[in-house]
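Everything on this sheet refers to the single structure shown next.
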Ligand SMILES: CC(C)(COP(=O)(O)OP(=O)(O)OC[C@H]1O[C@@H](n2cnc3c(N)ncnc32)[C@H](O)[C@@H]1OP(=O)(O)O)[C@@H](O)C(=O)NCCC(=O)NCCS
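In my numbering, the protein residues as written are 3 to 196.
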């Protein structure tokens, strides 16, 4: 994810200036940009005028914990909206830290909470509400008037019927077709998803 987000930020270099990566990394040479250090340098960076951060962490609970910790220092998490994502109509509300990948398509009246990943090829049709810390993986399609709870992971290429409620802390396996509401804390997969 760090490499993907770096690519997105490179495409947006007229908006964001990339300073470097922070965190534990066993193979810094794998990173496409400089590793500035571990989390303990965050306060010093903030004092030196670096005020924006972006989380490149796939695990949803770790992402939440880091978001709260880094925000307490004072960092701001701008939403990162790739210029090749598409908005149609009105009523789009995207909260802090959320990343829209290229080729994501948002129709009218879409609300997306904090620190979500809306990956490439995802389609959110009208009146969709997504909570905080949600991963919507590539080519997933969400039908109209659907709600997705916080801390939920939706696997690659999932289709979710219209007017569905997906609870919090749910995992949906890749390629699933969701035809019914999904309870909190559940794992469902398959066609139809069970
Ligand atoms: C659903 C998921 C989380 C389950 O992972 P897991 O607990 O490691 O499960 P396993 O791979 O051990 O598979 C367990 C069983 O479920 C089946 N299964 C796994 N994922 C499935 C899916 N998406 N749909 C239908 N069946 C699935 C496996 O075939 C296996 O069946 P078996 O016991 O008959 O052999 C995982 O398969 C998945 O879909 N992850 C999402 C991947 C993804 O989208 N990544 C994003 C990358 S950008």
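Glycine included, each C-beta is placed from N, C-alpha and C at the ideal position.
Per DSSP, cross-strand counterpart(s) of residue i
| i | result |
| --- | --- |
| residue 66 | DSSP, once it has assigned bridges, lists no residue as partnering residue 66. |
| residue 95 | 113 |
| residue 161 | 143, 179 |
| residue 132 | 114, 150 |
| residue 24 | 39 |
| residue 102 | 83, 120 |
| residue 184 | 168 |
| residue 137 | 119, 155 |
| residue 125 | 107, 143 |
Beta-carbon gap between residue i and residue j smaller than 9 Å
| i | j | result |
| --- | --- | --- |
| residue 148 | residue 125 | no |
| residue 56 | residue 83 | no |
| residue 183 | residue 167 | yes |
| residue 115 | residue 170 | no |
| residue 164 | residue 145 | yes |
| residue 23 | residue 58 | yes |
| residue 121 | residue 140 | yes |
| residue 95 | residue 119 | no |
| residue 79 | residue 90 | no |
| residue 47 | residue 8 | no |
| residue 137 | residue 62 | yes |
Selection from the options that minimises the alpha carbon distance to residue i
| i | options | result |
| --- | --- | --- |
| residue 44 | 138, 192, 76 | 76 |
| residue 192 | 169, 157, 165, 114 | 157 |
| residue 21 | 194, 37, 30 | 37 |
| residue 216 | 10, 5, 190, 180 | Given a span of 3 to 196 for the chain in the structure shown, any question on residue 216 remains unanswerable. |
| residue 29 | 41, 14, 4, 49 | 4 |
| residue 128 | 143, 69, 47 | 143 |
| residue 69 | 47, 51, 99 | 99 |
| residue 113 | 123, 101, 97 | 97 |
| residue 110 | 117, 101, 130 | 130 |
Contact belief for residue i with residue j at Cβ below 8 Å, rounded distance in angstroms
| i | j | result |
| --- | --- | --- |
| residue 194 | residue 179 | 5 Å |
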